[in-house]
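All remarks here apply to the structure that follows.
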Amino acid sequence: MTESNLEEAIELIKERKKEAKQLKGEEEFGFVDSQQDEKITTPQKIKGLARTVRTLQRKPKETISKFDKKTFDPGFMQRHTREITYHLVRKELQKVGLITDLLAEINAGKEATIYLAHLNGAPLIVKCFRHHLTCHKSARGNPQLRATAFAAKEYYKLLRAYRAGVSVPTPAKQINNIILMRFIGRDWKPAPQLRHAILGDPLAVLEELLEQIVILYTKAKLIHGDLSEYNILIDQHQHPYIIDFPQAIDLNGYQMQFTQKKERNQKVLQKDLKTIYHFFETKYRLTFDVNEVFHHIIGEKDYQERLELEEIKAKRI
């Protein structure tokens, strides 16, 4: 801020003080109806102006916006004034050499947008978490860091599931709010969701899917949490692939030792199994014993503990 601008601001403050004194004198002699006066008094306005002047006197680097913290890296995909767009994603990913080109938008959900890209002719999936999530409109804090945290959690869980042997899209890389993963499909056409797929042998698909749920729980120590016909892809060989892991429950946390937490997680697992049961029962007239599969997944010890808890609750009722 220049000296001339500062002098003008000081003169303005002096004039406002003079007007305040004059207004106070008029009120004393009854020339002004104080009840009809503004809710914000003149001294308050003067304080606000003085605060504005002090802010303008700061150096530019000291004036920090709400979403532009000093600790935040202004590098790749960091934009706090606008939302991520198709052209921006392509430009930034090409700049760091992760893709050759971004081809098309495949799908857009509550939290992220899915793009089809390629690297030297090899198809890739780009999942970009939006800064302002439609399912977390009231969330506080830095939206960039929040989107990056969502991407990091999903990438970590995808990697754990992949290393455990679960059929998931192979995670390739995670950078800030973007995940690159293997493309599931054929001839540049994405694999259909389970709800749209035409199954030659539905029973074989169901058995393989239940096996994947067992591996996910016992080896990867994860519960999907939102497993349905929308989050399962069927490739050209009729193999199911589980996708969309941001809400997956990690069973390795120290909180898992608490009975209440364990019981809640087991209810989520039961919900996943019931969702799969209802889909195959409705569309293919295939059924299975949900309790038996649930018993098999969680093991004999946990199953007995659950039965004892249910008996105790029944007696209390």
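Using the numbering used here, read the sequence shown as starting at 1225 and increasing by one per residue. Glycine included, C-beta positions come from ideal geometry on N, C-alpha and C. What you are looking at is a predicted structure, and each value in this text was computed from that prediction instead of being measured.
In the three-state reduction of the DSSP assignment, A1376 falls in the helix class, which pools H, G and I.
DSSP places E1335 in the coil class of the three-state scheme, outside both helix and strand. Beyond the five residues adjoining it in sequence on each side, I1447 comes within less than 8 angstroms, by CB distance, of L1440, Y1441, A1472, I1473, L1475, N1489, V1492, L1493 and D1496 in the same chain, given in chain order. Short of 7 angstroms from the beta carbon of Q1460, and not among the five residues preceding or following it, lie these beta carbons of its own chain, in chain order: R1410. Shortest Cα-Cα distance from I1437 to any of K1498, K1238, L1423 and E1487 involves K1498. Distance from the CA of Q1398 to the CA of L1383, rounded to the nearest whole angstrom, comes to 11 angstroms. Closest in alpha carbon position to A1332, among K1242, R1509 and F1353, is F1353. Per DSSP, F1353 is not a residue of any alpha helix (DSSP H); the beta strand (DSSP E) it occupies stretches across A1346 to F1353. Nearest Cα to A1428 within the set I1402, Q1462, G1449 and K1443: Q1462. Runs of the beta strand (DSSP E) lying entirely within the region 1409-1433 and spanning at least 3 residues: none are present. Here the C-alpha atom of E1453 lies approximately 20 angstroms from the C-alpha atom of Y1339. Where L1457 is concerned, the enclosing beta strand (DSSP E) starts and stops at I1456 to I1458.
Taking C-alpha positions only, V1392 is separated from P1347 by approximately 16 angstroms.
DSSP places E1453 outside both helix and strand once states are collapsed to three, so it counts as coil. DSSP places K1486 inside the alpha helix (DSSP H), whose first and last residues are T1483 to Y1508. In the three-state scheme derived from DSSP, where H, G and I count as helix and E and B as strand, H1311 is classed as helix. The C-alpha of T1394 is placed about 16 angstroms away from the C-alpha of L1322.
P1464 and A1415 have their C-alpha atoms roughly 10 angstroms apart. Assignment of beta-bridge partners to R1406 by DSSP yields L1348. Under DSSP, E1329 takes part in a beta bridge, and its partners are Y1339. Going by C-alpha positions, L1451 is about 17 angstroms away from P1426.
Inclusion of P1470 and F1374 in the CB contact set at 8 angstroms is warranted, their separation being smaller than that value. Between I1456 and L1418, the CB-CB gap stays under 8 angstroms. In the DSSP secondary-structure assignment, Q1398 is bridged to I1403.
About 5 angstroms separates the Cβ atoms of L1430 and F1504, confirming a contact at the 8 angstroms cut-off. Judged by DSSP secondary structure, I1522 falls within the alpha helix (DSSP H) whose first and last residues are V1514 to I1522.
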